[in-house]
Amino acid sequence: MRRPLRLTVNGEAVRLEVDTRRTLLEVLRDELKLFGARESCGVGMCGACTVLVDGRPLSACLTLAALHDGRSVLTVEGLARAGALHPLQQSFLDHNAVQCGYCTPGMILMVKALLDEEPEATPERAREYLAGNLCRCGGYEAILAAALAARDVLRGGPEAGRGGG
Numbered sequence: 116m117r118r119p120l121r122l123t124v125n126g127e128a129v130r131l132e133v134d135t136r137r138t139l140l141e142v143l144r145d146e147l148k149l150f151g152a153r154e155s156c157g158v159g160m161c162g163a164c165t166v167l168v169d170g171r172p173l174s175a176c177l178t179l180a181a182l183h184d185g186r187s188v189l190t191v192e193g194l195a196r197a198g199a200l201h202p203l204q205q206s207f208l209d210h211n212a213v214q215c216g217y218c219t220p221g222m223i224l225m226v227k228a229l230l231d232e233e234p235e236a237t238p239e240r241a242r243e244y245l246a247g248n249l250c251r252c253g254g255y256e257a258i259l260a261a262a263l264a265a266r267d268v269l270r271g272g273p274e275a276g277r278g279g280g
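So our numbering is basically just the index in the sequence shown, starting at one, shifted up by 115.
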């Protein structure tokens with residue numbers, strides 16, 4: 116069965132007709148050609164498919180797209196503005212926190228959700244918040260350094276340094 120679906124995706128109004136059995140991840144990737152969110156485990160255990168729905172992190176592989184009619188979805192593609200990377204994206208590059216890059220979009224969106232909730236998040240809180248996102252390369256220290264540097268930039272502190280931590 117198909118039904119109409121209205122979403123705001125990365126700030127743009129979208130109207131689709133979707134199969135009610137399709138996940139949000141499938142609609143984002145197959146219909147909207149937004150490839151940042153990725154399927155890895157398919158059971159919501161790795162975080163590779165993380166997107167923000169109405170500002171909250173969600174495993175897009177676990178939820179049916181039809182359940183999100185009228186909601187706002189942010190993917191990693193929606194962070195950059197006017198050709199400039201978002202401070203989170205820049206910080207991940209500056210701190211070499213991308214390695215293979217498979218987990219990076221989900222990690223960045225989880226950090227965004229954390230910092231939107233808790234702009235003064237501690238390193239311990241960041242570790243706890245990111246615990247559900249897996250990095251196949253084991254780049255957790257660089258990811259944490261990038262998250263904390265972005266926190267400082269977003270709250271008006273010092274610029275994120277290159278390559279360090």
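Even for Gly, the Cβ is constructed at its ideal location relative to N, Cα and C.
DSSP, reduced to helix, strand and coil, places A241 within a helical segment of the structure shown.
Taken in chain order, the segment 210-275 contains no complete beta strand (DSSP E) segment of 3 residues or longer.
Judged by pairs of C-beta atoms under 8 Å, the segment 134-152 touches the segment 190-199, as three or more such pairs exist.
Bounds of any beta strand (DSSP E) do not take in A152, whose DSSP letter is neither H nor E. The secondary-structure analysis by DSSP pairs P119 across a beta bridge with E132. Residue environment for T138: buried (at least 16 other C-beta atoms within 10 angstroms of its C-beta). By alpha-carbon distance to E239, the top candidate from G126, A175, L143 and E256 is E256. Pairing Q205 with G254 gives a Cβ-Cβ distance that is not under 7 Å.
According to the DSSP secondary-structure assignment, P202 is paired through a beta bridge with no residue.
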